[in-house]
Amino acid sequence: MAIFCKWSYLLRDGDKTISDDKIKKASQELYSKTFQKIEKKANLAAENIKTLVFIQDGFFRSIPMAALYDGKQYLIEKYAIATTPSLRLTASQKLNRQQSRALILGVTTKVKVDEIDYPVLPKVKSEINNVQQLFPNSKVLVDSSFNRDNLGKELNKTAYPIIHIATHAQFGIIAEDTFLVAGDNDKLTIKELENTLRQVNGGLNSVELLTLTACQTAVGDDRATLGLAGVALQVGVKSALATLWSVNDDSTFHLISEFYDRFRKSGVSKAEALRQAQLKLINAKKIDNLNDQYDNPAYWAPFILSGNWL
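Its first residue numbered 1268, the sequence shown is counted upward by one per residue in the numbering used here.
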C-alpha cells in the first residue's frame, strides 16, 4: 500500500515537472509488486498477446496499469489495455464505424453551479469540432442546448453509437454530489445520466462508446470518473472512456483527437486506438506541436477504457 500511495502521489498529486527517472523508478517498483510475476508466468511475449483486460477491485481500480514500467518500457508500449468490472458486462462486438454518428455535448463558457465557478476550457470547442468532423452525421449540443431534456430527446429519437461529453465534472462520496456541468449553469447528475442511458440501452439503439473528458474532479476521490463509467456499463453502454483524475485541457485535446482518428480510420480496436493515442503523448518530445512535458504519465495515464475493448 505504501508503494501505491507514493506512486499515486507522483502521478496525480505531485508536480508534473517531477523527473522521468523518479516516476519510472516508482512505476517499476509497483510493476515488480503487481504484474511482473503474472507477465512471466503467462509468458505473454511468447504467446503474442496484444491486449490485456484487467478486472480490478479495491484500490487497484485507481491504478492506471498503462503506466507500470518494466525497466525499459511502460506497459502501454507493449500492450493495448482495458479494464472491466466483470466480463459478464462485456459484449465483444466491433462497432460498424462506417455508419457511426456521435452525440457530442460540451460546455465552452464559464459557468457557475452550486456556488462553484467553473472556468472556460479553451480546448473544448476545438475538441467538439474535431469529433464532429470525424463523424459528419453527428449532433452537437453545446452550452445552452446541453441539458438533460435535450439529451434524453436526442437519444430517444436517434441511435447514437457514440456519446462524447466534454465539460467540467464534480465528484463526491455520494451520488447526489456527483454531476457533469451542463449549459446555463445547470448540471446533469449521475442519477439523471444513469436513467437517461437506461432508457435507450438494451435494444438496437444501445450506445457503443461513451467518452467523458471531465476536467474537474473532487480532491480525494480517486475512482470518480470510473464511477460514472461503471454506471454507464451497468445500464448497457458497451464501452466507456474516462479518466482516473483531473486532466489537462490541452493534452486531452491531443490525446482524444488521436484516439478518434485511429478509431475511425484504421479499424483497430478501441483499446489499440487508446494505446496509439497514449503513445503519441509518450513521444511528445519528438512531435513539434506537443508540449515536451506531455510524455509524463500524469498527462496520458489517467485515460482508462472500460468494458468492450474491441
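Ideal Cβ placement from N, Cα and C applies to all residues, glycine included.
* To do: Mind reading off the beta-carbon distance from residue 1415 to residue 1455? Whole number of angstroms is fine, and I expect it under 8 Å.
  => 5 Å
* What's the call for residue 1314, buried or exposed, on a 16-neighbour Cβ count within 10 Å? -> exposed
* Taking only the alpha-carbon atoms, compute the straight-line gap between residue 1373 and residue 1497 and give it to the nearest angstrom. => 21 Å
* To do: With a threshold of 16 other CB atoms inside 10 Å of the CB of residue 1477, please say whether the residue is buried or exposed.
  => buried
* Asked: CA-CA distance, residue 1332 and residue 1339?
  -> 15 Å
* Pick out whichever of 1568, 1574, 1411 and 1572 has its Cα sitting closest to the Cα of residue 1291. => 1568
* What residues match up with residue 1478 in a beta bridge as DSSP calls it? -> 1431 and 1508
* Asked: For the alpha helix (DSSP H) that contains residue 1391, what are its first and last residues?
  -> 1391 to 1401
* Just how far apart, CA to CA, sit residue 1546 and residue 1536? -> 15 Å
* Quick one: is residue 1400 buried, meaning 16 or more other Cβ sit within 10 Å of its Cβ, or exposed? -> exposed
* **Secondary structure of residue 1489, DSSP reduced to three states** => With a pLDDT of 44 at residue 1489, under the threshold of 50, the modelled position of this residue cannot be trusted, and the question is left open.
* **Residue nearest to residue 1457 in terms of C-alpha spacing, selected from 1426, 1502 and 1474** => 1502
* Asked: Beta-carbon separation of residue 1441 and residue 1479 under 7 Å?
  -> no
* residue 1389 beta carbon less than 7 Å from that of residue 1377 -> no
* To do: List the endpoints of the continuous beta strand (DSSP E) containing residue 1384.
  => 1383 to 1385
* Nearest to residue 1345 (by Cα), restricted to the options 1271, 1334 and 1354 -> 1334
* Could you tell me if residue 1564 is buried or exposed, where buried requires 16 or more neighbouring beta carbons within 10 angstroms of its beta carbon? => buried
* Asked: What is the residue span of the beta strand (DSSP E) that residue 1538 lies within?
  -> From DSSP, residue 1538 is part of no beta strand (DSSP E) but of the alpha helix (DSSP H) over 1537 to 1549.
* Is residue 1573 closer than 7 Å to residue 1350 when the C-beta atoms are compared? -> yes
* If you run the structure through DSSP and keep just helix, strand and coil, what is residue 1560? -> helix
* **Cutoff 7 Å; reference residue 1499; Cβ partners in own chain excluding five residues on either side** => 1464, 1477 and 1507
* **Assigned secondary structure, residue 1408 (DSSP; H/G/I helix, E/B strand, else coil)** => strand
* Which first and last residues belong to the beta strand (DSSP E) in which residue 1380 is found? -> 1378 to 1380
* Asked: Which partner residues of residue 1448 appear in the DSSP bridge assignment?
  -> 1454
* C-alpha gap between residue 1436 and residue 1446, whole angstroms -> 6 Å
* Asked: So residue 1305 is in the alpha helix (DSSP H); what residue range does that whole segment cover?
  -> 1303 to 1309
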